[in-house]
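Below: the structure, in structure tokens.
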Amino acid sequence: QFGNQKTPEILLERWKSFGPDLRAEVLKALLSRSAWSQSVLTALEQKTILPAEIDASSRQLLLSSKDKNIRKRAEQLLASTANSDRIKVVEEYSKVLELKGNAESGHQIFVKRCSVCHQLNQEGKPIGPDLSALTDKSTQALITAILDPNRAIENKYVSYLAVTVNGLTFNGLLASESGESITLVQTDGKSKTLLRNDLEELISTGKSLMPEGLEKDMSPQDLADVIAYLNATELPRKTFEGNEPAVVQAEALRGDYFLTPQLAEIYGQTLKFENKYKNLGYWQSENDRAVWIMNVPKSGKYDVYLEYACPPGVAGNLMQLEVTGQRLIWPVAATGSWDVYQSRKVGTISVPSGQTQLTVRSDGKINKALLDLKTVRLRVASQ
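Heads up: the sequence shown begins at 90 in the working numbering, then just goes up one per residue.
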């Protein structure tokens with residue numbers, strides 16, 4: 090079937106009915122050939138596929154394609170998923186940056202407004218993303234995430250609409266699916282299993298289950314308080330001899346950035362700074378992460394290189410790098426042993442001007458250990 094020229098047409102016609110796992114497999118197949126990749130981009134132009142429905146790894150494949158035409162089309166089509174009305178709301182709430190939040194008041198607002206879908210400190214329902222695992226808790230990032238929830242959505246948090254042959258309608262996250270049935274998790278936390286024989290239609294809304302319009306229920310001060318509460322629950326930064334976090338400046342000669350463990354903020358259960366190789370090691374917990382603050386005079390594109398060590402027995406875990414809402418996700422390849430360090434390119438990102446936060450962590454649970462990390466290098470991308 091995959092040799093059939095009509096494969097893209099057949100798959101894309103059914104796109105709206107596919108769940109997150111199947112969509113990932115479909116994209117993987119379609120992006121394996123240049124001609125089929127063009128079909129995906131055409132579907133984006135025609136809005137058969139929405140930009141938010143392209144997962145991070147597929148997005149990266151398109152943006153780093155060797156085919157210049159594919160790369161250019163992808164840059165244009167995936168450049169922004171922001172709604173102009175939402176941008177205006179986010180701008181209006183920029184005053185939150187100047188307000189002092191009260192964590193105690195924020196806790197009360199969280200319970201009232203957020204706990205219906207989010208869980209934190211054993212309160213609420215774990216329907217939406219794990220707030221304790223957020224990589225960027227800066228005020229600006231949280232303002233955007235709360236007021237413009239469709240700006241960047243993980244596939245597993247896209248809502249689905251199921252209509253039965255009896256005319257009943259159900260909305261929720263697609264928790265599981267099989268050949269016989271699907272299960273939706275609804276906003277009240279209850280699961281609803283529907284037989285496929287009873288379904289008239291199953292379509293993706295292309296939007297987050299988290300609603301837009303929360304500004305109608307929260308004043309700027311309320312939002313400042315919620316953000317203060319979210320940050321108050323974070324584990325403190327870890328300290329090690331030889332590790333002194335500082336703002337990273339660009340290299341004078343080429344304008345590259347060298348993000349070393351010595352300059353990183355280190356968080357998590359097991360992650361450590363090791364003096365032998367000046368690396369980050371014992372990367373074994375899902376909440377382990379390293380954070381750097383960069384001073385970027387001028388926005389631009391950068392190729393990302395990692396210098397790291399990883400033996401074959403633990404290779405294959407997924408790692409992610411996040412900066413200003415962009416994510417690179419890749420499987421960690423083996424280098425030979427814990428004592429063999431190699432530098433490898435993992436992708437390309439756009440970095441805005443100003444003080445910018447960059448975070449690296451695992452993408453999901455870790456089998457044994459992620460890697461030993463010596464350097465993240467941002468190299469000015471060739472035009």
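Glycine included, each C-beta is placed from N, C-alpha and C at the ideal position.
Taking just the CA atoms, how far does residue 131 sit from residue 449? Residue 449 and residue 131 have their alpha carbons spaced roughly 32 Å apart.
Hey, residue 464 and residue 348: beta-carbon distance below 8 Å or not? Yes, the Cβ-Cβ distance between residue 464 and residue 348 is below 8 Å.
First through last residue of the beta strand (DSSP E) which encompasses residue 463: Element bounds for residue 463: 461-469.
Reference residue 327, options 104, 379, 211, 296, closest by Cα: Closest option to residue 327, Cα to Cα, is 379.
May I have the straight-line CA-CA distance separating residue 281 from residue 273, to the nearest angstrom? A direct Cα-to-Cα measurement between residue 281 and residue 273 gives close to 5 Å.
In the structure shown, what three-state DSSP assignment does residue 154 receive? Three-state DSSP puts residue 154 in coil, outside helix and strand.
Touch check for the stretch 255-273 and the stretch 191-211: three-plus C-beta pairs under 8 Å? Inter-segment contact for the stretch 255-273 and the stretch 191-211 is absent: fewer than three beta-carbon pairs are separated by less than 8 Å.
Pair within 8 Å by beta-carbon distance, residue 335 and residue 283: The Cβ-Cβ distance between residue 335 and residue 283 does not fall below 8 Å.
Please go through the same chain and pick out, in chain order, the residues whose beta-carbon is closer than 6 Å to the beta-carbon of residue 154, but skip the five residues on each side of it. Apart from the 5 residues on each side of it in sequence, residue 154 sits with its Cβ closer than 6 Å to the Cβ of 160 in its chain, given in chain order.
Quick test of the definition: if touching needs 3 or more C-beta pairs under 8 Å, does the stretch 226-237 touch the stretch 95-114? Because the criterion of three Cβ pairs below 8 Å is not met, the stretch 226-237 and the stretch 95-114 do not touch.
Residue 158 to residue 331 span [Cα, whole Å]: If you take the alpha carbons of residue 158 and residue 331, they lie about 46 Å apart.
Rounded separation between residue 275 and residue 259 - CA only: Answer to the nearest angstrom: the Cα atoms are 8 Å apart.
Are there 16 or more other CB atoms within 10 angstroms of the CB of residue 416, so buried, or fewer, so exposed? Buried: at least 16 other Cβ atoms inside 10 Å.
Does residue 163 come out as helix, strand or coil in the three-state DSSP assignment? Helix.
Alpha carbon to alpha carbon, how far is residue 181 from residue 174? Give it in angstroms, no decimals. Their backbone Cα atoms lie some 11 Å apart in a straight line.
Since residue 394 and residue 343 should fall inside the 8 Å C-beta cutoff, what is the C-beta to C-beta distance between them, to a whole number of angstroms? With a Cβ gap of about 13 Å, residue 394 and residue 343 do not count as contacting.
In whole angstroms, give me the CA-to-CA distance for residue 329 and residue 364. Each residue's alpha carbon lies about 9 Å from the other.
Per DSSP, cross-strand counterpart(s) of residue 391: 438, 469, per the DSSP bridge assignment.
DSSP state of residue 220 mapped onto helix, strand, coil: If DSSP states are grouped into helix, strand and coil, residue 220 belongs with the helices.
What runs of the beta strand (DSSP E), each 3 residues or longer, lie entirely inside the stretch 323-376? Taking 3 residues as the minimum length, the beta strand (DSSP E) runs contained wholly in the stretch 323-376 are 346-348, 354-356, 361-363, 368-370, in order along the chain.
So, is residue 292 buried or exposed, given that buried needs 16 or more other C-beta atoms within 10 angstroms? Classification for residue 292: exposed.
Using the beta-carbon count (16 or more within 10 Å), is residue 186 buried or exposed? Looking at its Cβ environment, which holds fewer than 16 other Cβ atoms inside 10 Å, residue 186 is exposed.
Residue(s) in a DSSP beta bridge with residue 184: In DSSP, residue 184 forms no bridge with anything.
For residue 397, three-class secondary structure by DSSP: Three-state DSSP puts residue 397 in a strand.
Using the rule of at least 16 other Cβ atoms within 10 Å of the residue's Cβ for burial, across every protein chain shown, is residue 359 buried or exposed? Flag for residue 359 reads exposed.
Counting pairs of beta carbons, one from the stretch 371-387 and one from the stretch 445-461, are three or more of them closer than 8 Å? The answer is yes - the stretch 445-461 touches the stretch 371-387, with three or more Cβ pairs under 8 Å.
Output the distance between the C-alpha atoms of residue 254 and residue 294, rounded to the nearest integer angstrom. Spanning the two alpha carbons is a distance of roughly 19 Å.
Where does residue 419 fall in DSSP's three states? If DSSP states are grouped into helix, strand and coil, residue 419 belongs with the strands.
Would you call residue 90 buried or exposed, if buried means 16 or more other Cβ atoms sit within 10 Å of its Cβ? Because residue 90 carries a pLDDT of 48, less than 50, the predicted location of this residue cannot be relied on, and the following value inherits that uncertainty. Residue 90 is exposed by the Cβ-count criterion.
Can residue 120 and residue 150 be called in contact, C-beta distance under 8 Å? Result yes, Cβ atoms of residue 120 and residue 150 sit closer than 8 Å.
Test item: CB-CB of residue 470 and residue 392 under 8 Å: The Cβ atoms of residue 470 and residue 392 lie closer than 8 Å to each other.
Check whether the Cβ of residue 424 sits closer than 7 Å to any heavy atom of the ligand GTP, and report yes or no. With respect to the ligand GTP, the structure offers nothing, as it holds no ligand at all.
Closest by C-alpha distance to residue 401, when choosing among 425, 414, 418: The residue among 425, 414, 418 with its C-alpha nearest the C-alpha of residue 401 is 425.
Quick check: residue 277 and residue 191, are their CB atoms within less than 8 Å of each other? Not in contact: residue 277 and residue 191 (Cβ atoms no closer than 8 Å).
Residue 178 to residue 304 span [Cα, whole Å]: When the Cα atoms are used, residue 178 and residue 304 turn out to be separated by approximately 8 Å.
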